[in-house]
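J.: First the structure, which I've put down as structure tokens, then a few questions once you've had a look.
Residue numbers (our numbering): 368 to 734.
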């Protein structure tokens, strides 16, 4: 079985879509995935000259093309391969690339056309061509039940075509985090995300508005913000206006090893988001044994289950009360942390993702 895999980015980014693509690529190209003859991977935004990371790129990866942000190059490379090769499966990692699935029908009319739905990208009514491409996908892989239901309803996709495949932790991170006991904790709370104005729904401002009440109860509390982007100056300005300079640290982008340390040492992971399609960062906190405080909207409750305190993101007092409660109650913190680890082990392992993803993507063809 030949697979064409089209993605916005994979080895040139650390966002959730790139991370999902890496794990999907690992599943498709692993030596044990015997039903896959070869995978051709084309990434729109990866810098030209990029090389695949060997941990994720198994022996069944036949080619990898980084288009350096050129849509013309993406189209040229895609058409070139489609004209030369009859693919059995064509995957688009993001709905913005889904119109290319329509092109694939010209050369490979029987190919399974797969679109990945990550969340807000498919929660809104799409432009006509993208909506048609989504509707004509053989399968839409949704990362959460919430996303599956909203995508089907808003874009009129047959619900039976939308299949749930939960995200998972990177297996390397999972193995390391699961085998390391939680070290010394400080009175810090943590949020990890890209700081983009276009994605201003993670709850940073909501945490800042709740923090003065928390500081009154726990003066040495520190809010660690990991991530960078054009939203950072706005958050720093709000921090100054609220008089919280001593209690907030903007850490920017950090290495994987440093990030693991922040997860292990924090007292709670706090992200009262409003538009989360899944939230891999919740899994990272949960597998580190940390309690989670999250919003009660979007897909978050489905993912965190009983491992979190859920709050209304717009209720600053309720959010502050939840933070104070978790930081002040060792028994609660331990209970939520243990529940989080157990939930990851039960639902969000790489083995579960691999088996389900290959079954859905390959269909009747054995992988």
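Note that CB positions come from ideal geometry on N, CA and C, so glycine has one too.
Just so we're clear, the structure is a prediction, and the values are computed from it rather than from any experiment.
1. Taking just the CA atoms, how far does residue 449 sit from residue 567?
2. With three or more beta-carbon pairs closer than 8 Å as the criterion, would you say the segment 662–680 touches the segment 498–505?
3. How should residue 401 be labelled, buried or exposed, when 16 other C-beta atoms within 10 angstroms of its C-beta is the threshold for buried?
4. For the beta strand (DSSP E) containing residue 530, list its first residue and its last residue.
5. Write down the C-beta distance between residue 414 and residue 382 rounded to the nearest angstrom, noting that I regard them as a contact closer than 8 Å.
6. Would residue 574 pass as a contact of residue 647 if the rule is Cβ separation under 8 Å?
7. Pull up the DSSP beta-bridge partners for residue 430, would you.
8. Give the secondary structure of residue 520 by DSSP, where H, G and I count as helix, E and B as strand, and everything else as coil.
9. Sort 610, 629, 599 and 633 by Cα distance to residue 617 and report the nearest one.
10. Taking the DSSP output, what are the residues bridged to residue 452?
11. Could you check how far apart the C-beta atoms of residue 455 and residue 430 are, in whole angstroms? I think they sit under 8 Å.
12. Per the DSSP calculation, residue 662 is bridged to which residue(s)?
13. Measure the Cβ-Cβ separation of residue 482 and residue 517 and say whether it is below 8 Å.
14. Tell me the residue span of the alpha helix (DSSP H) that contains residue 707.
15. Inspect the CB distances between the segment 642–658 and the segment 518–532 and report whether three or more fall short of 8 Å.
16. Could you tell me whether the Cβ atoms of residue 427 and residue 459 are closer together than 8 Å?
17. Going along the chain, which unbroken runs of the alpha helix (DSSP H) with 4 or more residues stay wholly within the segment 578–614?
18. Where does residue 618 fall in DSSP's three states?
19. Would residue 565 be called buried (16 or more neighbouring beta carbons within 10 Å of its own) or exposed?
20. One question on the structure: do residue 650 and residue 536 come within less than 8 Å of each other, judged by their Cβ atoms?
21. If you run the structure through DSSP and keep just helix, strand and coil, what is residue 717?
22. Touch check for the segment 586–606 and the segment 697–711: three-plus C-beta pairs under 8 Å?
23. Pick out whichever of 562, 556 and 716 has its Cα sitting closest to the Cα of residue 695.
24. Could you give the distance in angstroms between the alpha-carbon of residue 493 and the alpha-carbon of residue 629?
25. What's the C-alpha gap between residue 409 and residue 603?
26. Could you give the distance in angstroms between the alpha-carbon of residue 578 and the alpha-carbon of residue 636?
27. Suppose you measure from the CA of residue 609 to the CA of residue 690; what does that come to, to the nearest Å?
28. In whole angstroms, what is the alpha-carbon distance linking residue 692 and residue 581?
29. Give the range of the beta strand (DSSP E) segment to which residue 480 is assigned.
T.: Well, looking at it:
1. Taking the straight line joining both Cα atoms gives about 38 Å.
2. Segment contact: the segment 662–680 against the segment 498–505, fewer than three CB-CB distances shorter than 8 Å; contact not assigned.
3. Answer is exposed; the Cβ neighbour count stays below 16.
4. Here the beta strand (DSSP E) through residue 530 covers 529–531.
5. Rounded to the nearest angstrom, the Cβ distance from residue 414 to residue 382 is 15 Å, too far for a contact under 8 Å.
6. Not in contact: residue 574 and residue 647 (Cβ atoms no closer than 8 Å).
7. In DSSP, residue 430 forms a bridge with 407.
8. Of the three classes helix, strand and coil, the one that applies to residue 520 here is helix, per DSSP.
9. Out of 610, 629, 599 and 633, 599 has the C-alpha closest to the C-alpha of residue 617.
10. Answer by DSSP bridge pairing: none, since residue 452 is not bridged.
11. Taking C-beta atoms under 8 Å as the contact rule, residue 455 and residue 430 fail to qualify, at a distance of about 16 Å.
12. Note: residue 662 is bridge-paired with 678 in the DSSP secondary-structure output.
13. Between residue 482 and residue 517, the C-beta gap is not smaller than 8 Å, which leaves the two residues out of contact.
14. Membership of residue 707 in the alpha helix (DSSP H) is indicated by the continuous run 697–714.
15. Output reads no: the segment 518–532 does not touch the segment 642–658.
16. A distance of 8 Å or more separates the beta carbons of residue 427 and residue 459.
17. Runs of the alpha helix (DSSP H) inside the segment 578–614: 599–608.
18. Note: residue 618 maps to strand in three-state DSSP.
19. Residue 565 should be labelled exposed.
20. Cβ atoms of residue 650 and residue 536: closer than 8 Å.
21. Correct three-state label for residue 717: helix.
22. Flag = no, the segment 586–606 and the segment 697–711 do not touch.
23. Taking only the C-alpha atoms, the option nearest residue 695 is 556.
24. Straight through space, the alpha carbons of residue 629 and residue 493 are spaced by roughly 38 Å.
25. Linking residue 409 to residue 603 through their CA atoms gives a straight-line distance of about 37 Å.
26. When the Cα atoms are used, residue 578 and residue 636 turn out to be separated by approximately 14 Å.
27. Those two C-alpha atoms are separated by around 18 Å.
28. Between the alpha carbons of residue 692 and residue 581 lies a gap of roughly 10 Å.
29. Per DSSP, the continuous beta strand (DSSP E) segment holding residue 480 begins and ends at 479–484.
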